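> This is the structure I want to talk about, given as structure tokens.
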């Protein structure tokens, strides 16, 4: 591995601003996030550094879901053909993308799960009898599989990806809709507040909702090339799946009704795409402190003569940070400069350099990955660092928020939208409707402007005034338009 | 769910001693560990209670693996036909059991991974160049898939199961063999010392090793019916896979050699079988304190009048156990007696009962799940409980150790072995050889005694004296014979 890394950092990364796509392809391989060399279309290996980040991200999401009273389950990775095909819209949406398994003769046909509504709903039918069993809020972590025939890209679009699926059942529509809002809140608490990735919670146009849902709310995140990537989406399934599976409950008065269900799906491997793309720079990854597998890397600078002393000093410093993930890079066969590059490439938020100079005066040199500033600190003031650590993630978040905010441009004409989209930004504009009647205007936007109607803000009603910029009929909504992944 | 549970506990469980098989089938459904009603042969749903236990078990194993310098990766769930078929012994062993996927025309055939040697070894080839990159110790958590055509049983034998796979590469055979011993140590530290499941680490006869391994060491655990179940096994692959995949490294002197590899596979869902079967009793599960999703359940006994006071008191007690997983069962629609049964069935180690009587004198009634003793304690002496919690797991472990120890019977004749096996015990005896030349004697044991040669102790050399009990030729080994799952 040594040889390879040296070559990479020597060669340098593409510039993120100049050629984001190339930068992304390079950084995920060089920072050892993934390896695509198994050569199976849409299937990748996530390497230890990437896996450790993903594990931390899972931890944050699972903790939050459990705090909100969701319980974990482990569903099979397969679905019987009979169940998969029970809800008709769902079938149409997903069947073309399904991997089928060859089973034994005489056995039911099995599909690898592309999503798990048709596993959870039959269990709801079995587990829920009365209002006492409600709400039932579950989730699972694991892979799903989609036989995507389009071009795949590592972590962005794959045939297998790692996510969490939360499926929930309620007694009333109101409770189910509250869950949808709570899900947006989880995205806000974790993806935005923890990982520093701001998003637009957008109710999707009816032609763009999840196959089988009453409505879908996606979380749109802006990428450095100006395109939007869909992050966790949450769906009101209403009674569509419960009717297909005949999943009912008895209310307080003994009356039967179909369950109201919702689903929420943070794709952890995809959120990692936004973490990499939003915070990274031309030197490599910049990982939020809260999810970096190593939060502080100590690079001791020593000779054969003073090695023992310096390493002892490094260990003393490490011991002062017991609540953090700290490592000392003691590898003799790499130079300090090589190690600096390596850990910058991998995005470790803080580096502590210590050599003879620092040791003599009980000092340490602190390097901050994001603004790449160095500072000489006394060991006596080491408590000061707790504040630095906190500020680090806050700084990443504020920068990302500024980018998103500056990318949203109010537009009053088609020409303005065209210009905004060309500049890699998001157009906000009056639009006739995200229901069926708006589909023609959406098609115009797709063909003529090469962009999509992404939807309307789901957390706050934005009141439209004036007419649709496309068809000039009265505008029912204010929509966000952008190019998308 | 309410109705169902009430019926179950009324009906009562089968007696574990009388009919273990039925007891097992009942308890895994009634304690809400699994649900098999999706009706796909070999695929089950693990319910929240079961999943929470499995998650805790994963945590223990992953922490220990990371402590021993293993790093996690996420491998694809699929393997290309070309890679799967590279190692010839491996192909023969696994190909009949593989689920094949239907992919797009012109694309490579893909198999669902039955085990992941053929995913890890090609990556070793790419990631390892020199001795500097060694050892490389990795693991992944996830599912594997086997198209088992035999009778499947929930958690014991399934077509999909949850495990950890650790794959490791070394520069020398000695280092690889040390890893195999370290793996046995991990089974000891976690499965035995934490979960209270003692085992026999047995080097398997050559006809019973993993397909592609030089040798296999299994961990045999005794079940209440006297049969042995194989728990984590570890394999010296030697250079078989590295040769098949041409995975080499350069040593200090610049000479090339093939990697030495090992694999270790704790199947978490299967270890749960032993936890359930070993510790459970006629009232339900008995979960080790360290993995129980709820460690202490507080059941408040109240009327409408004093509910507020009693619940407040329950919360005061809960606050005293912040480092433990404690819950208060506040559900109005169940009686205290129903709740007692419910939490005993689910195996919660400690129950605290509080009512008017306890409240008045700042007392609590403590119920211990394993010996079902009750004790009145003063809130002032609550610190005493830390010791109780520790002793609980120790007690489960000691009981299990006694059972295993008493089950191993030294045998000097075929007749003795027959008798021991009939009694549901393990025969320890002189045997000619676990290499090829012993296969005829093994076949005799299988046919005439309906039992298997499970292997020889792998952690300590037991010296044989005398002749093989079967063929009467000089005995090279002392083997353990038992019936098996």
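Residue numbers (my numbering), protein chains in the order written: chain A, 1219 to 1703; chain B, 1219 to 1703. The C-beta atom is built at its ideal place from N, Cα and C for all residues, glycine as well. Quick caveat, the model's predicted, so the values are computed rather than measured.
1) When you compare the CB of residue 1291/A with every CB in chain B, is at least one pair closer than 8 Å?
2) Starting from residue 1476/A and walking both ways along the beta strand (DSSP E), at which residues does that stretch end?
3) In the DSSP assignment, find the beta strand (DSSP E) that holds residue 1339/B and state where it starts and stops.
4) On the DSSP bridge assignment, give the partners of residue 1599/A in chain order.
5) What ranges does the alpha helix (DSSP H) occupy inside the segment 1273–1326 of chain A, keeping only unbroken runs of at least 4 residues that lie completely in it?
6) Does DSSP put residue 1419/A in a helix, a strand or coil?
7) Would you say residue 1266/A faces chain B, with C-beta separation under 8 Å as the test?
8) With distances taken Cα to Cα, identify the nearest neighbour of residue 1429/B among 1307/B, 1563/B and 1358/B.
9) Between residue 1381/B and chain A, is any beta-carbon pair separated by less than 8 Å?
10) Please confirm if the segment 1555–1569 of chain B is in contact with the segment 1619–1631 of chain B, defined as three or more CB-CB distances below 8 Å between the two stretches.
11) My assumption, with CB atoms under 8 Å, is that residue 1644/A sits in contact with residue 1514/A. Please give the rounded CB distance.
12) Could you say which of 1324/A, 1325/A, 1331/A and 1504/A lies nearest to residue 1314/A if we only look at CA atoms?
13) Residues of the segment 1317–1337 of chain B in Cβ contact with chain A at a cutoff of 9 Å, in chain order, please.
14) Report, in whole angstroms, the separation of the C-beta atoms of residue 1704/B and residue 1409/B, which I expect to be a contact under 8 Å.
15) With DSSP as the reference, label residue 1448/A as helix, strand or coil.
16) Would you say residue 1288/A and residue 1355/A are within 8 Å of each other, going by their C-beta atoms?
17) Could you run through the segment 1467–1483 of chain B and flag, in chain order, every residue whose CB is less than 9 Å away from some CB of chain A?
18) Looking at residue 1566/B: is its Cβ nearer than 8 Å to the Cβ of residue 1512/B?
19) Can residue 1600/A and residue 1699/A be called in contact, C-beta distance under 8 Å?
20) Within 10 angstroms of the Cβ of residue 1523/B, are there 16 or more other Cβ atoms? Answer buried if so, exposed if not.
21) Suppose contacts are defined by Cβ-Cβ distances below 8 Å. Is residue 1278/B in contact with residue 1412/B by that definition?
22) Please list, in chain order, all residues of the same chain as residue 1695/A whose beta carbon is under 7 Å from its beta carbon, the five residues on each side excluded.
23) Please list, in chain order, all residues of the same chain as residue 1504/A whose beta carbon is under 6 Å from its beta carbon, the five residues on each side excluded.
24) What span of residues does the beta strand (DSSP E) with residue 1504/B cover, start to end?
25) What are the start and end residues of the beta strand (DSSP E) that includes residue 1355/B?
26) Using a Cβ-Cβ cut-off of 6 Å (strictly less than) and excluding sequence neighbours within five positions of residue 1321/A, which residues of its own chain qualify?
27) Given a cut-off of 8 Å, decide if residue 1465/A and residue 1477/A are closer than it, judged by their beta-carbon atoms.
28) Does DSSP put residue 1402/B in a helix, a strand or coil?
29) Measure from the C-beta of residue 1275/B to each C-beta in chain A and report whether the shortest distance is under 8 Å.
30) Please state if the CB of residue 1263/B and the CB of residue 1294/A are separated by a distance shorter than 8 Å.
31) Classify residue 1420/B as buried or exposed, calling it buried when 16 or more other Cβ atoms lie within 10 Å of its own Cβ.
32) Which word fits residue 1656/B, buried or exposed, when buried means at least 16 other C-beta atoms lie within 10 angstroms of its C-beta?
33) Can you look up residue 1562/B in the DSSP assignment and give me helix, strand or coil?
34) Any idea which residues DSSP pairs residue 1379/A with across the strands?
35) Show which residues of chain A have a CB atom less than 9 Å away from the CB atom of residue 1314/B.
36) Measuring straight from C-alpha to C-alpha, what distance separates residue 1286/A and residue 1473/A?
Based on what the coordinates show:
1) yes
2) 1474–1476
3) Looking at the DSSP string, residue 1339/B is not in any beta strand (DSSP E); the run it does join, the alpha helix (DSSP H), is 1335–1345.
4) None, per the DSSP bridge assignment.
5) 1299–1302 and 1306–1312
6) strand
7) yes
8) 1307/B
9) no
10) no
11) Between residue 1514/A and residue 1644/A the Cβ distance is about 37 Å, and since that is not below 8 Å, they are no contact.
12) 1331/A
13) 1317, 1318, 1319, 1320, 1321, 1322, 1325, 1326, 1328, 1330 and 1337
14) Given that chain B is displayed from residue 1219 to residue 1703, the structure contains no residue 1704/B and the question cannot be resolved.
15) strand
16) yes
17) none
18) yes
19) no
20) exposed
21) yes
22) 1649, 1651, 1652, 1674 and 1682
23) 1497, 1498, 1565, 1587 and 1588
24) No beta strand (DSSP E) holds residue 1504/B; DSSP gives it neither H nor E.
25) 1354–1363
26) 1328
27) yes
28) helix
29) no
30) yes
31) buried
32) buried
33) helix
34) 1362/A
35) Residues of chain A passing the Cβ test: none, with the nearest at roughly 11 Å.
36) 28 Å
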